[in-house]
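*Asks:* Quick one: the structure is below, questions incoming.
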Amino acid sequence: MSTMTLPVAPQLAETEHQLSCPNCGSGVSLDSSQLALDAQRQIEDLQAQVRLLTQKATAAGSLRLSIPSHNCFAMPQLPSTTPSERDLAAALSREQVLRQQAEGKLDEASGELEELSQQLFEQANEMVATERKARAKLEERVAVLERRDVEKRKRLERLEGAMGRIERVRGLLAPPGDK
0 MSTMTLPVAP QLAETEHQLS CPNCGSGVSL DSSQLALDAQ RQIEDLQAQV
50 RLLTQKATAA GSLRLSIPSH NCFAMPQLPS TTPSERDLAA ALSREQVLRQ
100 QAEGKLDEAS GELEELSQQL FEQANEMVAT ERKARAKLEE RVAVLERRDV
150 EKRKRLERLE GAMGRIERVR GLLAPPGDK
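Under numbering that gives the first Met the number 0, think of the first position of the sequence shown as 0, with each following residue one higher.
Pasting the structure below:
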């Protein structure tokens, strides 16, 4: 009987006010990360239970194989199973059921963790997209205001030039005593 090694989900590195994924560096809010840490602990507990149950099942199987077989011609026929064998078989059966339950819980917790991670990254992507749109709108608004500013400066320069010409013409047309 071989033991199955399950991959351990990546641990989340904790910073001062925010957690981030060590693989991609994406930030995780504390509420979601607490759920992820709880799920990680539950996964680790279930993996430990699976290992224990595997060891017990292996031990029961090897004990069953180590019981010597009797020559049916030399000894009178014994009942097919002794009470201790029945106890061992019942214990093995219970351990197998418990192992299946633990594996089911592990699968459920892994699925839940995967779902939470997916939701978290979807929310992060939505936030980034919203921020990009807002930034693009602001940049567009700044460009419009800068363009208006340039147009106003040009008009002001034209007005100042026209005022200067008007002053010069007035100076030329004014009677010599008004100067």
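Virtual Cβ for every residue (Gly too), placed ideally from N, Cα, C.
Keep in mind it's a predicted model, so treat the numbers as computed, not measured.
(1) DSSP on residue 81, reduced to helix/strand/coil?
(2) Please return the same chain residues whose Cβ sits closer than 8 Å to the Cβ of residue 113, not counting the five positions on each side in sequence.
(3) Within 10 Å of its beta-carbon, does residue 42 have 16 or more other beta-carbons around it, so buried, or fewer, so exposed?
(4) Three or more C-beta pairs closer than 8 Å, one from the region 83 to 95 and one from the region 52 to 64: is that the case here?
(5) Could you tell me if residue 46 is buried or exposed, where buried requires 16 or more neighbouring beta carbons within 10 angstroms of its beta carbon?
(6) Does DSSP put residue 173 in a helix, a strand or coil?
(7) Can you tell me whether residue 92 is buried or exposed? The criterion is at least 16 other CB atoms within 10 Å of its CB, across all chains shown.
(8) Does DSSP put residue 3 in a helix, in a strand, or in coil?
(9) Out of 157, 102, 59 and 35, which one is the CA nearest neighbour of residue 88?
(10) Is the beta carbon of residue 94 sitting closer than 8 Å to the one on residue 52?
(11) Among the candidates 152, 90, 33 and 40, whose CA atom is the shortest distance from the CA of residue 54?
(12) Compute the beta-carbon to beta-carbon distance between residue 38 and residue 111, rounded to the nearest angstrom, for a pair I have assumed lies under 8 Å.
(13) Which same chain residues end up closer than 6 Å to residue 159 when comparing Cβ atoms and leaving out the 5 residues on each side of it in sequence?
(14) Would the beta-carbon of residue 128 fall within 8 Å of that of residue 48?
(15) Quick check on the burial criterion: 16 or more other C-beta atoms within 10 angstroms. Buried or exposed for residue 105?
*Replies:* On the basis of the supplied data:
(1) Counting from 1 along the sequence shown, the entry for residue 81 is found at position 82. In this structure, residue 81 counts as coil in the three-state DSSP scheme.
(2) Numbered from its first residue, the sequence shown carries residue 113 at position 114. Excluding its 5 nearest sequence neighbours in each direction, residue 113 has no C-beta neighbour in its own chain below 8 Å.
(3) Sequence index remark: in the sequence shown, residue 42 carries index 43 (1-based). Around the beta carbon of residue 42, a 10 Å sphere encloses 16 or more other beta carbons of the protein chains shown; the residue is thus reported as buried.
(4) Yes: the two stretches touch, three or more of their Cβ pairs being nearer than 8 Å.
(5) Here residue 46 refers to the residue found at position 47 when the sequence shown is read from its first residue. When all chains shown are included, residue 46 counts as buried.
(6) Position 174 of the sequence shown, counted from the start, is the residue given in the question as residue 173. Secondary structure at residue 173: coil, using DSSP grouped into helix, strand and coil.
(7) Numbered from 1 along the sequence shown, position 93 holds the residue referred to as residue 92. Exposed: under 16 other Cβ atoms inside 10 Å.
(8) Looking up residue 3 in the sequence shown gives position 4. Residue placement at residue 3 is poorly supported in this model, since its pLDDT is 47, which falls under 50; the coordinates still yield a value, given next. Here residue 3 sits in coil by DSSP.
(9) As a first step, residue 88 must be located in the sequence shown, where it is residue number 89. Ranking the options by Cα distance to residue 88, first place goes to 59.
(10) Start at 1 with the first residue of the sequence shown, and residue 94 comes out as number 95. Start at 1 with the first residue of the sequence shown, and residue 52 comes out as number 53. For the 8 Å CB-CB criterion, residue 94 and residue 52 form a contact.
(11) Here residue 54 refers to the residue found at position 55 when the sequence shown is read from its first residue. With respect to the C-alpha of residue 54, the residue from 152, 90, 33 and 40 having the closest C-alpha is 90.
(12) Within the sequence shown, numbered from 1, the residue matching residue 38 stands at position 39. Within the sequence shown, numbered from 1, the residue matching residue 111 stands at position 112. Their Cβ separation, rounded to whole angstroms, is 6 Å, which keeps residue 38 and residue 111 in contact under 8 Å.
(13) What you label residue 159 is simply residue 160 of the sequence shown in a count that begins at 1. Cβ within range, chain order: n/a, list empty.
(14) Looking up residue 128 in the sequence shown gives position 129. Looking up residue 48 in the sequence shown gives position 49. Judged by beta-carbon spacing, residue 48 lies beyond the 8 Å limit of residue 128, meaning their Cβ atoms are not closer than that value.
(15) Along the sequence shown, read from residue 1 onward, the residue named residue 105 stands at position 106. Counting other Cβ atoms within 10 Å of its Cβ, residue 105 reaches 16 or more and is therefore classed as buried.
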